[in-house]
Amino acid sequence: MKKILITGASGFLANSLILHLLSKGYIVHTLSRKRIENEQIRSYIWDIDSKKIEIEAFEGIDALIHLAGENIGDKSWTDSRKKAIIDSRVKSTELIHDVLTKNKIPLKCYIGASASGYYGNRGDAPLDENASSGTNFLAETCIKWENAHHLIAPFADRHIIIRIPVVLDSKQGALPKMLMTLPFALNYFGNGMQFMPWVHIKDLLSIFTFFVENEKTQGIYNVNHPQVLNNKEFTTTIAQLKKPLSPLLPIPSFMLKIIMGESASLVLDGQLVNSQKLINAGYKFQFENLKTALQDIFNKK
338 MKKILITGAS GFLANSLILH LLSKGYIVHT LSRKRIENEQ IRSYIWDIDS KKIEIEAFEG
398 IDALIHLAGE NIGDKSWTDS RKKAIIDSRV KSTELIHDVL TKNKIPLKCY IGASASGYYG
458 NRGDAPLDEN ASSGTNFLAE TCIKWENAHH LIAPFADRHI IIRIPVVLDS KQGALPKMLM
518 TLPFALNYFG NGMQFMPWVH IKDLLSIFTF FVENEKTQGI YNVNHPQVLN NKEFTTTIAQ
578 LKKPLSPLLP IPSFMLKIIM GESASLVLDG QLVNSQKLIN AGYKFQFENL KTALQDIFNK
638 K
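Encoded structure:
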């Protein structure tokens, strides 16, 4: 029975992953700012700013899945907010590195989170894991995040970085926000031509366990579904599953920039991301396409 340590345990993805791992029979340790009241897991706390950590969290673990980081889309990107977004990712990773160094802790498997935003705004250029990084704030965040992850490589038998796209879930993440204007309309952003890599939450959770169990995996992986649609196509697919058919209305780019400021890049920038490396490693996606993924989320057949 493998023992997994998860950081950022209060976040949406980590919460879902904890439940998934428990259902699969894993022993789960967590690291977070506040202790989690759950008898099924072993909860430990850390204080990243003061560099304090309960070292017992690392005892006997088979894999460390590092997800900690401030939510990138819940507040405007003021200078202080941007600093918090980067610091929460980089400093937490540096703290892990310091703990591993000081206590000479080896890791069997390290999985560090990054994002498709690494590539910036790239139009219709096909992007695999060897593609260059972008130049906007999202790309800057991912670059610094991944550089920090690389500090852990000397301590891990297997070192993996996954670039996570938009995660589709019925209750949390981007999809519920996209559905807020129903039943009156559905909105696409700008001209809607920006590509929008995505992954169903069920697949993403399975991808984590795939990496834990598959000892041949190593390096950086895009983990989006191989079908990448542009934003207008994505929104149209949602509309087709809603009855009566929801009208599609654009929100102009200038309006989004007025409302959201620099963070409008979250919905206006696009990446045509290729996940063939993950497929070649042996992972099989559970859903044929976006339509079947959304049907599962909407409980439609």
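Using the numbering used here, the first residue of the sequence shown is number 338, and each one after it goes up by one. Every residue, glycine too, gets a C-beta built ideally from N, C-alpha and C. Treat the numbers as computed from the prediction; the structure is a model and nothing was measured.
Counted within 10 angstroms of its Cβ, other Cβ atoms place residue i as buried (16 or more) or exposed
{"i": "L404", "result": "buried"}
{"i": "S353", "result": "buried"}
{"i": "N568", "result": "buried"}
{"i": "N528", "result": "exposed"}
{"i": "M338", "result": "exposed"}
{"i": "A351", "result": "buried"}
{"i": "P502", "result": "buried"}
{"i": "Q623", "result": "exposed"}
{"i": "K638", "result": "For K638, the predicted structure reports a pLDDT of 44, less than 50, and the residue's modelled location is therefore unreliable. A value from the coordinates is still provided. By the 10 Å Cβ count, K638 comes out exposed."}
{"i": "D435", "result": "exposed"}
{"i": "I595", "result": "exposed"}
{"i": "N440", "result": "exposed"}
{"i": "N636", "result": "exposed"}
{"i": "Q531", "result": "buried"}
{"i": "I616", "result": "exposed"}
{"i": "T344", "result": "buried"}
{"i": "R370", "result": "exposed"}
{"i": "T415", "result": "exposed"}
{"i": "S417", "result": "exposed"}
{"i": "S612", "result": "buried"}
{"i": "G598", "result": "exposed"}
{"i": "K621", "result": "exposed"}
{"i": "F521", "result": "exposed"}
{"i": "L519", "result": "exposed"}
Whether residue i touches residue j by CB criterion (8 Å)
{"i": "S600", "j": "S413", "result": "yes"}
{"i": "M517", "j": "G607", "result": "no"}
{"i": "C446", "j": "A485", "result": "no"}
{"i": "I392", "j": "S429", "result": "no"}
{"i": "A394", "j": "L359", "result": "no"}
{"i": "L437", "j": "W383", "result": "no"}
{"i": "H366", "j": "Y381", "result": "yes"}
{"i": "A576", "j": "L523", "result": "yes"}
{"i": "T554", "j": "F545", "result": "no"}
{"i": "L609", "j": "A511", "result": "no"}
{"i": "E483", "j": "S451", "result": "yes"}
{"i": "G410", "j": "L603", "result": "yes"}
{"i": "K539", "j": "T574", "result": "no"}
{"i": "L585", "j": "T572", "result": "yes"}
{"i": "G397", "j": "K361", "result": "no"}
{"i": "I423", "j": "K481", "result": "yes"}
{"i": "R500", "j": "Y455", "result": "yes"}
{"i": "A346", "j": "I373", "result": "yes"}
{"i": "I378", "j": "I355", "result": "yes"}
{"i": "L578", "j": "Q632", "result": "yes"}
Rounded distance between the beta-carbons of residue j and residue i, thought under 8 Å
{"i": "N551", "j": "G460", "result": "The pair is not a contact, with the Cβ atoms about 33 Å apart (cut-off 8 Å)."}
{"i": "A630", "j": "L505", "result": "6 Å"}
{"i": "N473", "j": "G457", "result": "5 Å"}
{"i": "F654", "j": "Q509", "result": "A query on residue 654 cannot be resolved here, the shown segment of the chain reaching from 338 to 638 and no further."}
{"i": "S507", "j": "I634", "result": "5 Å"}
Residue i Cβ short of 7 Å to the ligand FMN heavy atom set
{"i": "I596", "result": "Only the bare structure without any ligand can be found here, which leaves the ligand FMN out of the picture."}
At least 3 beta-carbon pairs within less than 8 Å: the segment 550-559 vs the segment 455-466: These segments touch.
Three or more C-beta pairs below 8 Å linking the segment 583-592 and the segment 488-500: No: the two stretches stay apart, fewer than three of their Cβ pairs being nearer than 8 Å.
Every unbroken alpha helix (DSSP H) within the segment 341-427, with a cutoff of 4 residues, ordered by chain: Correct list: 349-360.
Mind listing, in chain order, the continuous alpha helix (DSSP H) runs of no fewer than 4 residues lying wholly within the segment 554-623? Taken in chain order, the complete alpha helix (DSSP H) segments of 4 residues or longer contained in the segment 554-623 are 568-578, 590-597, 602-605, 613-617.
Mind listing, in chain order, the continuous alpha helix (DSSP H) runs of no fewer than 4 residues lying wholly within the segment 439-493? Runs found: 474-487.
Alpha helix (DSSP H) runs wholly inside the segment 504-546, at least 4 long, in chain order: Within the segment 504-546, the complete alpha helix (DSSP H) segments at least 4 residues long are 511-515, listed from N- to C-terminus.
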